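Letter 42 of the sequence shown, counting from 1, is numbered 42 in our numbering, and no numbers are missing. Ideal placement from N, C-alpha and C gives every residue a C-beta, glycine not left out. Given the structure is predicted, the values throughout are model-derived calculations rather than measurements. The structure appears right after this line, and notes come after that.
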Amino acid sequence: HRDMLRATGLPLRFVFLHGEMALIAARMGERSGHYMPVSLLQSQFDTLEDPRGEPDVDVVPVELAPAAQLQRALGLVGRD
């Protein structure tokens, strides 16, 4: 999907939330009524096309608190 978006020629940046599966699983386990069960997380990691290292991708660590993740992402969006 990133390549399709890049092909539009529009200026864009991608923000990739990166984190260890154990942390993400723990956070998912704390949610109630979420559409995706923790049992599907491994398959998501297995099929993930990790974009780190691509020139238009910025990484935000999920270890940060959600508010800090948002602030980091907002600080990255729009910069050259």
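What does DSSP give as the partner residue(s) for V59 in the beta ladder? F16
Give me the Cα-Cα distance between L12 and G29, rounded to the nearest whole angstrom. 33 Å
Tell me, to the nearest whole angstrom, how far the beta carbon of F16 is from that of V77; I am working on the premise that it is less than 8 Å. Not quite, the Cβ-Cβ distance comes to about 13 Å (not below 8 Å), so this is no contact.
Taking V62 as the reference, which of G53, P55, L23, F45 has the closest Cα? L23
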